[in-house]
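The structure appears right after this line, and notes come after that.
Numbering (this note's numbering), first residue to last: 21 to 795.
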């Protein structure tokens, strides 16, 4: 008895929209025009839509030509079997009362395949579609159409959509990865982007997050154009627009943030500034007025380029400098520097009006000294650096610690770690992380926080507002008086910093280990103090006749007057990672003797080319080579006298260049929060698998460490012994000869860290671990 079952192949005429990827991406801002923003490229015309999503075949009534399988008593197809339909289609699976029902696999004559759930001759439930070109869909199906949650992969134009479907179309929330690599994630309606969503154009480094309507940006959103600049640049690395869109264009009210630091806040019309608005130039000047087609209406002939506007000031435009109070500025500009200091008022019983007044006065104090503070920030963000490609640099937390020490801020009762905890963001996992970037705004905010901490308890401000008085006292008596008169060794010269950089990672891992051990020994301890460091150096076996405890205490006291006062010595002072490095370097200079150098086969001290240290090997940002010879850079150095500071001594007396081989040491900024086990790194900086027996042998052979021949990073052929001319002459070794003092210093540092300090730290941690396991 013939059975009529549904199947035929429908023509695959879909409405796929692979072309909807383009048409609303906008190109990068023209760098030579300060007023023009990125414009939308022309949309390519396509004569016919391409079916990127494919269409599902339809089922119609056809005749079963052959059946092989189970039947019921009445002869209906029932149970498991294979049906061969007229036209070449095949079904293999479960039947119920003559209908395809349950799990099965259906193959159309063009080799399209569906495998999954059937319900009364309908493809419904969960299934897998495979088209002849290997495109596929897996997910929920209803009446033969994709409906519900599912994932489609197109083979010919490799794009992937994963999300919600409705009657065979993308509808609801989903993610589409285009063949170009661009990605849209958000809401869909009838196969078109519609609602809230985010589009990432990775091909053009753009991103839009906001509202969509019929496939284009419309409503409120944020469009960002990412720029490629030098690592650690102080620029925000992007142009960004936040505001209203109409038909994919900036239209209505919006704010455009330029990568250079300029900003436009006002009205837009078809991607152009049009109507009332305020333009803040990179140099801080402000124009507030009417714009017409991207031009200032009152001065249509003036269209500044590159954000540099000396022509604007000389033309008599109605501009306002940041330090000039202006009643025309709204109340939102009271905290124009955007200092994050609101929490400082939480413990004070003052009304909102006085808070706003104090914030305004704090801004005025900052703006009064802003030029000098910017020079100080630039100075410290550039120390230890050879060159930068975009004339910018960002201060790191370690450089900020150097600024604090040079400004004598730690001479009071506040240690550097305590200051770092005060200014750290609550989201910071590690307030002592030395390579955290500190932007100019963060630097200014930190000054206010430090000033409040140091002087808020002093009742000497009289009738003046407390917070502005504290800030003025800190800036005038500490910062401007002492900053840029740099001390210490780590940042003395770029060549020295580059030489020490190779030890930073492992030294910081040891510093973190010290903190964890100190907290276990003394609950409530927040950081390592000087007493703990002296104690741990003794446990490492580094305190001896050459480097006595008194030598270490003298090193502590040389940079902190709170350590030794008259006959009283206090070692409870907390120390930051920078201070630990400074102490270790000075200890190395005392500890490593000439005899120790003669015993060591290492005669080439440094793997860093000090004559031309590349900035790629520095974990900091740097000044450009062009700026080193530019009048601007010369002005930065010569203006130290304006700040009542002293120039770095012997700046021009750099040591002669040493011919050296390229370094094998790769210096990279460590990943924040990543634990670097001390025991997993050898003294030469190479990673290795720890073996307990190897370390026990190291403990036994500790006395031979200085002569260890495994350190090949800095090795050269040792000086040959003198020739014996006769049996009466004694064998002698020539003294180690160095081309300059810097080479000798580098060798001392290398021997101390690689042959003494790092191996001792490894053994200490290993023995500590074994002791805890046996408890």
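Even for Gly, the Cβ is constructed at its ideal location relative to N, Cα and C. Computed from a predicted structure; not experimentally measured.
| Item | Value |
| --- | --- |
| Going by beta carbon distance, what residues of the same chain come within less than 8 Å of residue 266, once the five residues before and after it are set aside? | 238 and 272 |
| For residue 150 and residue 185, what's the separation of their Cα atoms in angstroms? | 17 Å |
| Among the residues of its own chain, which have a CB less than 8 Å from the CB of residue 152, if the five just before and after it don't count? | 130, 131 and 132 |
| Please state whether DSSP places residue 116 in a helix, a strand or coil. | strand |
| Between the Cα of residue 204 and those of 217, 210, 462 and 192, spot the shortest distance and give me the residue it belongs to. | 217 |
| Which residue wins for smallest C-alpha separation from residue 811, given the options 117, 95 and 124? | The structure shown does not extend to residue 811, since the chain is modelled only from 21 to 795, so the question has no answer here. |
| Report the rounded CA-to-CA distance for residue 793 versus residue 529, giving the unit in angstroms. | 22 Å |
| Tell whether a beta-carbon distance below 8 Å holds between residue 602 and residue 549. | no |
| Tell me the DSSP secondary structure of residue 219 in three-state form. | strand |
| Ignore the nearest five residues each way along the sequence and tell me which others in residue 672's own chain have a CB closer than 8 Å to its CB. | Caution is warranted here: a pLDDT of 42 is assigned to residue 672, below 50, making its placement in the model unreliable, and the coordinate value is therefore given only provisionally. Correct list: empty, nothing qualifies. |
| Would you tell me roughly how many angstroms separate the C-alpha atoms of residue 519 and residue 535, rounded to the nearest one? | 26 Å |
| In this structure, what does DSSP give as the bridge partners for residue 169? | 184 |
| Quick one: Cα of residue 551 to Cα of residue 573, how far? | 9 Å |
| Could you tell me which uninterrupted alpha helix (DSSP H) segments, each at least 4 residues in length, are contained entirely in the stretch 463-515, listed from first to last along the chain? | 486-494 |
| Three-state secondary structure (DSSP) at residue 213? | strand |
| What is the rounded straight-line gap between the Cα of residue 290 and the Cα of residue 516? | 55 Å |
| From residue 293 to residue 317, what does the alpha carbon distance come to, in whole angstroms? | 11 Å |
| Using the C-alpha atoms, what's the distance from residue 558 back to residue 795? | 24 Å |
| Can you have a look at residue 431 and say buried or exposed, based on whether 16 or more other CB atoms are within 10 angstroms of its CB? | exposed |
| Applying the 10 Å Cβ sphere with the 16-neighbour rule, what's the burial state of residue 276? | buried |
| Got a sec? Which residues, its chain only, sit under 8 Å from residue 163 by beta carbon, not counting five neighbours each side? | 142, 143 and 144 |
| Can you tell me the Cα-Cα spacing of residue 761 and residue 390, whole angstroms? | 40 Å |
| When DSSP labels each residue in this structure, what does residue 243 get in the three-state scheme? | strand |
| Just the Cα atoms here: how many angstroms apart are residue 383 and residue 357? | 7 Å |
| Drop a sphere of 10 angstroms on the beta-carbon of residue 374, count the other beta-carbons inside from all chains shown, and report buried for 16 or more, exposed for fewer. | exposed |
| Please go through the stretch 563-601 and give each complete alpha helix (DSSP H) segment of 4 or more residues, from N-terminal end onward. | 569-578 |
| Ignore the nearest five residues each way along the sequence and tell me which others in residue 262's own chain have a CB closer than 7 Å to its CB. | 242, 274 and 275 |
| Can you give me the Cβ contacts of residue 127 inside the same chain, cut-off strictly under 6 Å, excluding the 5 residues immediately before and after it? | 110 and 133 |
| Taking the C-alpha atoms as reference points, what is the distance between residue 47 and residue 159? | Unreliable positioning characterises residue 47 in this predicted model, as indicated by a pLDDT of 35, which lies under 50. A coordinate reading is not provided. |
| Check for me: the beta strand (DSSP E) holding residue 260 runs from which residue to which? | 258-266 |
| Let me check understanding here. Comparing Cα to Cα, which of 414, 385, 386 and 387 lies closest to residue 399? | 414 |
| Please classify residue 174: does DSSP put it in a helix, a strand, or coil? | strand |
| My assumption, with CB atoms under 8 Å, is that residue 436 sits in contact with residue 596. Please give the rounded CB distance. | 4 Å |
| So what's residue 370 in DSSP terms, helix, strand or just coil? | coil |
| So, does the stretch 489-508 touch the stretch 465-474, judging by three or more C-beta pairs under 8 Å? | yes |
| For my contact list, residue 499 and residue 401 are in at a C-beta cut-off of 8 Å; report their separation, rounded to the angstrom. | Residue 499 to residue 401, Cβ: 15 Å. No contact. |
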